[in-house]
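Note sheet for the following structure.
In the numbering used here, the protein residues as written are 267 to 405.
The following block contains the structure:
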């Protein structure tokens, strides 16, 4: 869980990046002694998780969101929930994820994009493709 939190904070600080031990280690080295943006990042982190409570919590959760509970997809959902790719509410995000799930299941995508959507990869290009796809489907 610490690595996931560091990965998500890395997104808030540096945008989309690959998940690797090196990138997480680099974050720790940069901010181990001094973290000048701590309060702002902490506040943003909490705001996003409050929104995600409406997506994954008791009120918003649906069985069709199972795919989006994986670590690889959670990063994507977190990024979209940040609002950096368009205005989003918990309700609009749930509806969007349901729509994306249908598209993935019905294979209405080009082969390469479908491979990225179905894989569990955490490289930068795949993350960016997933985030852009979900954001382009925001309701």
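Backbone N, C-alpha and C fix where the C-beta goes; we use that ideal spot for every residue, glycine too.
Annotation: residue 314 to residue 274 spans about 10 angstroms, alpha carbon to alpha carbon. With 16 or more other Cβ atoms inside 10 Å of its own Cβ, residue 342 counts as buried. For residue 315, the enclosing alpha helix (DSSP H) has its first and last residue at 304-322. In the structure shown, residue 373 adopts coil according to DSSP, grouped into three states.
Shown here for residue 396: same chain residues with a beta carbon closer than 7 angstroms to its own, the five before and five after excluded, namely 342, 382 and 383 in chain order.
For residue 330 against residue 357, the beta-carbon gap comes to about 15 angstroms, at or over 8 angstroms, which does not count as contact.
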